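**Q** Sharing a structure below in structure tokens format, with a few things to ask.
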Amino acid sequence: MLKIMAVNAGSSSVKFQLLEMPEEAVIASGVVERIGINDSIYTIKYNGQKKEIITDIKTHADAVEMILNDLIELKILNSLDEIKGVGNRVVQGGEFFKSSVLLNEEYIEKISELGKLAPLHNPANVVGMRAFQKALPGVPQVAVFDTTFHQTMAKEVYLYALPYEWYEKYGVRKYGAHGTSHRYVSERMAHLIGKDINDSKIIVLHIGNGASISAVKNGKCVDTSMGLTPLGGIPMGTRCGDIDPAILEFMVNQEGYNIKDLTNILNKKSGYLGVSGVGSDARDLTKGMNEGNERCKYAFDVQAKRIVDFIAQYYVYMGGCDAIAFTAGVGENVKHLRKNIIDRLSCLGVKLDEERNDTFSDERRISADDSSIEVWICPTNEEVMIARDTVEFAGLLK
1 MLKIMAVNAG SSSVKFQLLE MPEEAVIASG VVERIGINDS IYTIKYNGQK
51 KEIITDIKTH ADAVEMILND LIELKILNSL DEIKGVGNRV VQGGEFFKSS
101 VLLNEEYIEK ISELGKLAPL HNPANVVGMR AFQKALPGVP QVAVFDTTFH
151 QTMAKEVYLY ALPYEWYEKY GVRKYGAHGT SHRYVSERMA HLIGKDINDS
201 KIIVLHIGNG ASISAVKNGK CVDTSMGLTP LGGIPMGTRC GDIDPAILEF
251 MVNQEGYNIK DLTNILNKKS GYLGVSGVGS DARDLTKGMN EGNERCKYAF
301 DVQAKRIVDF IAQYYVYMGG CDAIAFTAGV GENVKHLRKN IIDRLSCLGV
351 KLDEERNDTF SDERRISADD SSIEVWICPT NEEVMIARDT VEFAGLLK
């Protein structure tokens, strides 16, 4: 039995799960939020218990030290020597990383360099790696990339119709994101519908505050909605998704924005928030919609329409579809959005079972028995995928 830490370090947070492998049992999980900001929040769950404290945590290294100290003090572990590997989620692997890797100094430097493609994410991922290097010297660390699952896309899919030298010199192309989630859900869906993953056509709808869609044919990603950055694709909580790029110059002329202003607006003030004016949380928009706020309804309708656009594209590109999977916070929990999307697919013979859609349970089919495509809710588990890859690429079961 192996104890593996699966880590997701953000710019001001560290999320983690401690898993027993290969059983894939969660021993403990938690998150440190608001690192470097007053009133940091630390939460850890273990043995059916929950501990939460609010304190000042200045650095990621301090956060990691707090987590590891608690694993001992709460008797979750007898010794830190029990941790045999650390798996790190990394957002951007570029074209350099085609799979997860056992980390060394060269790879950490490369991940840092690729921060130009994910400036909000890769630098924070590296900070997390360094913190665990210091706290657990000698323990192997593996990097698991959001982008590697999408590296199977054909060149016609990932190239933009831009000057080719932009791709050659700077790597401007579609990379996608949420790949670890798309890989887990597509594999799980093949099992649930009784299909061989190598003979399957699955569309995964990862809809959370960030949202992306993937077409997975025979276990390989053939297309995905996010682009060079996580800003592309469908509208999200605060991100706009795909737009006419000429809007940017138009708004410069109207309001005098600079590129930094516009990038901030597209990333942080658009999507649900921009259209509704209420917020970026689907629960707040649902409440507003139920109270008659039309802008809240439009926020959902705009997103649903764009999602269906991608489903239709992927249905044609793959030559059909065996299953559609809803996953992530919004996809798993907002039943009216699922209905909105599925009703728009009626021309393909997709039918919703209202009772199944309204009944709450984790993993379930929500399409009618006579639906042409099975539709499921399939909760994602990125941490399990990170732990699996950590065991494999660190050679821990040899």
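Residues 1 to 398 (the numbering used here) make up the sequence shown, in order. Each residue gets a CB set at the ideal place from its N, CA and C atoms; glycine is no exception. On a predicted model such as this, the values are computed, not experimentally measured, just so you know.
(1) Spell out a yes or no on whether the stretch 175 to 184 and the stretch 122 to 129 are touching, meaning 3 or more CB-CB pairs, one atom from each, closer than 8 Å.
(2) Look at the alpha carbon of K297 and the alpha carbon of P22, and state the distance between them as a whole number of angstroms.
(3) Alpha carbon to alpha carbon, what distance is there between K3 and L273?
(4) When DSSP labels each residue in this structure, what does F97 get in the three-state scheme?
(5) Which residues mark the beginning and the end of the beta strand (DSSP E) in which L147 is found?
(6) Kindly indicate the opening and closing residues of the alpha helix (DSSP H) around M189.
(7) Counting only runs of 4+ residues fully inside the stretch 257 to 327, write out the alpha helix (DSSP H) ranges in chain order.
(8) Quickly, what does DSSP pair G85 with across the bridge? List them, please.
(9) Quick check: V172 and L228, are their CB atoms within less than 8 Å of each other?
(10) Using only CA atoms, which one of A282, A368, F145 lies nearest to K98?
(11) Could you name the residues of the same chain whose beta carbon sits closer than 7 Å to that of I234, not counting the 5 residues immediately before and after it, in chain order?
(12) Just to confirm my understanding: we take Y107, look at its own chain, exclude 5 residues before and 5 after, and list those with CB closer than 7 Å. What are they?
(13) Rounded to the nearest angstrom, what separates A190 and I54 at their Cα positions?
(14) Mark M385 as exposed unless 16 or more other C-beta atoms lie within 10 angstroms of its C-beta, in which case mark it buried.
(15) What span of residues does the beta strand (DSSP E) with A211 cover, start to end?
(16) From the DSSP secondary-structure annotation, give me the bridge partner or partners of F16.
(17) Output the distance between the C-alpha atoms of G266 and I342, rounded to the nearest integer angstrom.
(18) For R338, which of helix, strand or coil comes out of DSSP?
(19) Only counting the same chain, and skipping five residues up and downstream in sequence, which positions put a Cβ closer than 7 Å to that of G115?
(20) My assumption, with CB atoms under 8 Å, is that R239 sits in contact with S270. Please give the rounded CB distance.
(21) Roughly how many angstroms lie between the CA atoms of I207 and R344, to the nearest whole one?
(22) According to the neighbour-count rule (16 or more other Cβ atoms, all chains shown, within 10 Å of its Cβ), is R283 buried or exposed?
(23) Expressed to the nearest angstrom, what Euclidean distance is found between the alpha-carbon atoms of I57 and Q254?
(24) Closest to S40 by CA distance: which of E52, T327, E165 is it?
(25) Leaving out five residues before and five after K110 in sequence, what residues of the same chain have Cβ atoms less than 7 Å from its Cβ?
(26) Bridge partners for M21 per DSSP, in chain order?
**A** The short version:
(1) no
(2) In the sequence shown, residue 297 corresponds to position 297, counting from 1. In the sequence shown, residue 22 corresponds to position 22, counting from 1. So the alpha carbons of these two residues sit roughly 45 Å apart.
(3) Walking along the sequence shown from the start, residue 273 turns up at place 273. Walking along the sequence shown from the start, residue 3 turns up at place 3. The alpha-carbon atoms of L273 and K3 are separated by roughly 40 Å.
(4) Along the sequence shown, read from residue 1 onward, the residue named residue 97 stands at position 97. In this structure, F97 counts as coil in the three-state DSSP scheme.
(5) The residue labelled residue 147 in the question sits at position 147 within the sequence shown. In the sequence as displayed, the identity of residue 147 is Thr instead of Leu. Counting along the chain, T147 falls outside any beta strand (DSSP E), and DSSP gives it neither H nor E.
(6) To locate residue 189, count along the sequence shown from 1; it is residue 189. Its alpha helix (DSSP H) spans residues 179 to 192.
(7) 259 to 268, 271 to 276, 282 to 290, 294 to 318
(8) Start at 1 with the first residue of the sequence shown, and residue 85 comes out as number 85. I4.
(9) Position 172 of the sequence shown, counted from the first residue, corresponds to residue 172. Position 228 of the sequence shown, counted from the first residue, corresponds to residue 228. Contact: yes.
(10) The residue labelled residue 98 in the question sits at position 98 within the sequence shown. If we check each option's Cα against that of K98, F145 comes out closest.
(11) Along the sequence shown, read from residue 1 onward, the residue named residue 234 stands at position 234. Excluding positions up to five away in sequence, the list reads A211, I213, S225, G241, Q303, R306, I307, F310.
(12) Position 107 of the sequence shown, counting from 1, holds the residue named residue 107. Hits under 7 Å: V101, A143.
(13) Here the question's residue 190 lines up with position 190 in the sequence shown. Here the question's residue 54 lines up with position 54 in the sequence shown. Those two C-alpha atoms are separated by around 42 Å.
(14) On the sequence shown, residue 385 is found 385 positions in, with the first residue counted as 1. The residue is buried, with at least 16 neighbouring Cβ atoms inside 10 Å.
(15) Position 211 of the sequence shown, counting from 1, holds the residue named residue 211. Looking at the DSSP string, the run of the beta strand (DSSP E) that includes A211 is 211 to 217.
(16) Here residue 16 is taken as the residue at index 16 of the sequence shown, counted from 1. Paired residue(s): V7, G30.
(17) Walking along the sequence shown from the start, residue 266 turns up at place 266. Walking along the sequence shown from the start, residue 342 turns up at place 342. What sits at residue 266 in the sequence shown is Leu, not Gly. Straight-line Cα distance between these residues: approximately 28 Å.
(18) The count along the sequence shown starts at 1 and reaches residue 338 at position 338. Correct three-state label for R338: helix.
(19) As a working note, residue 115 is residue 115 in the sequence shown. Answer for G115: N122, P123, listed in chain order.
(20) Counting from one through the sequence shown, the residue named residue 239 turns up at place 239. Counting from one through the sequence shown, the residue named residue 270 turns up at place 270. 6 Å between Cβ atoms; contact.
(21) Counted from its first residue, the sequence shown places residue 207 at position 207. Counted from its first residue, the sequence shown places residue 344 at position 344. Roughly 17 Å between the two C-alpha positions.
(22) For the purposes of this step, residue 283 is identified with residue 283 of the sequence shown, where counting begins at 1. When all chains shown are included, R283 counts as exposed.
(23) Translated into positions along the sequence shown, residue 57 becomes position 57. Translated into positions along the sequence shown, residue 254 becomes position 254. Approximately 42 Å between the Cα atoms of the pair.
(24) In the sequence shown, the residue the question calls residue 40 occupies position 40. Looking at the Cα atoms, E52 is the closest of the given residues.
(25) Here residue 110 refers to the residue found at position 110 when the sequence shown is read from its first residue. Around K110: F96.
(26) Numbered from its first residue, the sequence shown carries residue 21 at position 21. Bridge partners of M21: L2.
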